[in-house]
Amino acid sequence: MSIHVGIDVAKNELVVHALPQEQRRCFANSAQGRAELVAWLSALGADRVLFEASGGYEASLLLVLHEAALPAVRISADRPRQLAQALGLKAKTDALDARMLAVAAQLLPAPVSKPLPEATERLRQCVHLRTALVGERDSHRRRLQQISDPTAHAIQHACMHQRPAATDQATGHAHCRAAAGHLALAGQGAGAGSGPACDLGCAPA
Numbered sequence: 000m001s002i003h004v005g006i007d008v009a010k011n012e013l014v015v016h017a018l019p020q021e022q023r024r025c026f027a028n029s030a031q032g033r034a035e036l037v038a039w040l041s042a043l044g045a046d047r048v049l050f051e052a053s054g055g056y057e058a059s060l061l062l063v064l065h066e067a068a069l070p071a072v073r074i075s076a077d078r079p080r081q082l083a084q085a086l087g088l089k090a091k092t093d094a095l096d097a098r099m100l101a102v103a104a105q106l107l108p109a110p111v112s113k114p115l116p117e118a119t120e121r122l123r124q125c126v127h128l129r130t131a132l133v134g135e136r137d138s139h140r141r142r143l144q145q146i147s148d149p150t151a152h153a154i155q156h157a158c159m160h161q162r163p164a165a166t167d168q169a170t171g172h173a174h175c176r177a178a179a180g181h182l183a184l185a186g187q188g189a190g191a192g193s194g195p196a197c198d199l200g201c202a203p204a
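Read in numbering that gives the first Met the number 0, the sequence shown has 107 at position 108, and its numbers run on one by one without any break.
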């Protein structure tokens, strides 16, 4: 009997559900909590452990699962969401989300994930954050286009022409250039190294 586990990852908490036993546990997303989770999964004999990429909160989890030789699978959030829609399921709580991820572990084909090199993981997180912020910026621009007030148009103009100074420094970050190469080789996002992916917090090397 194969045991499939879903983990809903949050900043401070890991909500876990195992199928077919319907076992549910909760662990702190801390070094001690992750160690307790690894011990529990090892005793359970988990055949597959699946969780979503969640803006970097899952990076340490993937590392400890890999070190414990547990078959961890990190996938993008849209895949379990699409599966839930296809099955007519609606997850509204962390516990239900964890169970849905366990179902995804049973049904979705995906290879075991391996931790990325440190520099590549940092770049992946920066790209994820930058993508989210660009989406928010574009959403605000669309809202401003629907407003006729002159002040709103002035705000829109300022937003469209604003460019953080850090963007100009990004191409000088040696660690980001190296990480971009690793990321491309790992297939974690084509073209991620072509833009100023480190203008949101990466320190120069």
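Where is the CB? At the ideal position from N, CA and C, for every residue including glycine.
Tell me whether residue i is buried or exposed, calling it buried when 16 or more other Cβ atoms sit within 10 Å of its Cβ.
i      : result
Val133 : exposed
Glu51  : buried
His156 : exposed
Asn11  : exposed
Pro79  : buried
Ala164 : Low local confidence applies: a pLDDT of 47 at Ala164 is under 50, so the model's placement there is unreliable, and no value is given.
Thr119 : buried
Ala9   : exposed
Asp7   : buried
Ala85  : exposed
Leu64  : buried
Ala101 : buried
DSSP three-state label for residue i, please.
i      : result
Gln124 : helix
Ile2   : coil
Thr170 : At Thr170 the pLDDT is 42, less than 50, meaning the model places this residue with poor confidence; the figure from the coordinates comes in the next sentence. Looking at Thr170 - three-state DSSP - the assignment turns out to be coil, as it is neither helix nor strand.
Asp148 : coil
Glu12  : strand
Asp7   : strand
Leu18  : strand
Ala67  : coil
Glu117 : helix
Leu88  : coil
Ala27  : strand
Val102 : helix
Leu49  : strand
Val72  : strand
Leu43  : helix
Gly55  : coil
Ser138 : helix
Sort the options by Cα distance to residue i and report the nearest one.
i      : options                           : result
Ser1   : Glu21, Asp77 and Ala118           : Glu21
Gly5   : Arg129, His139, Ala103 and Arg141 : Ala103
Asp77  : Arg129, Val15 and Asp96           : Asp96
Leu19  : Asn28, Gly54, Gly55 and Leu106    : For clarity, residue 19 is Pro in the given sequence; the question names Leu instead. When each option's Cα is compared against that of Pro19, the closest is Leu106.
Ala131 : Gly54, Asn28 and Ser29            : Gly54
Please list, in chain order, all residues of the same chain as residue i whose beta carbon is under 7 Å from its beta carbon, the five residues on each side excluded.
i     : result
Arg73 : Phe50, Ala52, Glu57, Leu61 and Ser112
Leu43 : Ile2 and Ala17
Leu88 : Met99
Can you list, in chain order, the residues of its chain whose CB lies under 6 Å from that of residue i, leaving out five sequence neighbours each side?
i     : result
Arg47 : His3, Pro70 and Ala104
Phe26 : Leu13, Gly32, Glu35 and Leu36
Leu82 : Ala103
Asp93 : Asp7 and Val14
Arg24 : Val15
Apart from the five residues just before and just after residue i, which ones in its own chain have a Cβ nearer than 8 Å to its Cβ?
i      : result
Ala67  : Val37, Leu40 and Ser41
Ala45  : Ile2, His3, Val4, Ala17, Leu69 and Pro70
Ile154 : Leu143
Q) Does the segment 135 to 154 come close enough to the segment 107 to 127 that 3 or more CB-CB pairs lie under 8 Å? A) no
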